[in-house]
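In UniProt numbering, the protein residues as written are 1 to 177.
Ideal Cβ positions, reconstructed from N, Cα and C, are used throughout, including at glycine.
As the structure is a prediction and not an experimental result, all values here were calculated from the model.
First the structure, in the form of structure tokens, and then the observations on it.
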Ligand SMILES: Nc1ncnc2c1ncn2[C@@H]1O[C@H](COP(=O)(O)OP(=O)(O)OP(=O)(O)O)[C@@H](O)[C@H]1O
Ligand SMILES: [Mg+2]
């Protein structure tokens, strides 16, 4: 499967990428449920991208970071979103007590910050998103892990705003300071 790397120059580029993903989600059947992992250090922009996604699906209010609640539900959206932040999860087993299996039902989308903390209990993702601070902005790597994930990436790329949100990084950025 093909991955894609984007350059997000500022916060609004991160929000817009979340909106682009929201549009992609609207266009695919969510089948048995869709799982999206958001990787990245503290302050990398995971909640910012989530906010763009959740508001892009029509949520009018604020998007709270689920740092203390572990999960914030947006059940009224289509598709319904469950926004997790597992940073403060003590043990992956706690996810079982929270009823993780009830969240991942047909039609639902689970958006998970700090998915590493739920290793062993969380199902594998359809899409891995990795945000990395670089200079004043962020790089974003989008990696499809399933056929549904690949369709989501394809739908993102089909949208006009995609290139404007983040230009592909040059191939040779590894030697940059
Ligand atoms: N592309 C970007 N360029 C520069 N700043 C950005 C970009 N995207 C987001 N930010 C900024 O990064 C900061 C932290 O973002 P955010 O809270 O989304 O991080 P997070 O990854 O969810 O962190 P945590 O792990 O603590 O939950 C915010 O101030 C936001 O404005
Ligand atoms: Mg966050």
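- Going by DSSP, residue 17 is part of the alpha helix (DSSP H) stretching over 11-26.
- Within the same chain, Cβ atoms closer than 7 angstroms to the Cβ of residue 141 are found at 3, 5 and 130, the five residues on either side in sequence being excluded.
- Relative to the Cα of residue 85, the nearest Cα in the group 126, 99 and 37 belongs to 37.
- A residue is listed when its beta-carbon falls short of 6 angstroms from at least one non-hydrogen atom of ligand 2; in chain order these are 46, 47, 65, 85 and 113.
- Residue 115 is positioned such that its CB atom lies no closer than 8 angstroms to that of residue 32.
- Checking the DSSP bridge columns, you'll see residue 116 has no partner listed.
- Between the C-alpha atoms of residue 152 and residue 14 there is a straight-line separation of about 17 angstroms.
- Cβ-Cβ separation between residue 128 and residue 155: approximately 17 angstroms, too far for a contact (criterion under 8 angstroms).
- Under the DSSP assignment, residue 153 falls outside any beta strand (DSSP E), being part of the alpha helix (DSSP H) whose first and last residues are 147-158.
- Annotation for residue 138 indicates a beta carbon within 7 angstroms of some heavy atom of ligand 1.
- Nearest Cα to residue 133 within the set 34, 41 and 77: 41.
- Inclusion of residue 87 in the 7 angstroms shell around ligand 1 follows from its C-beta lying nearer than that to a non-hydrogen atom of the ligand.
- Annotation note: the segment 48-121 contains the following uninterrupted beta strand (DSSP E) runs of length 3 or greater, listed N- to C-terminal: 71-74, 80-85 and 108-113.
- Contact check for residue 112 against residue 81 fails: the beta carbons are separated by 8 angstroms or more.
- Note on residue 69: under 16 other CB atoms within 10 angstroms of its CB, so exposed under the neighbour-count rule.
- Residue burial is scored here from C-beta neighbours: residue 99 has fewer than 16 other C-beta atoms within 10 angstroms and is therefore classed as exposed.
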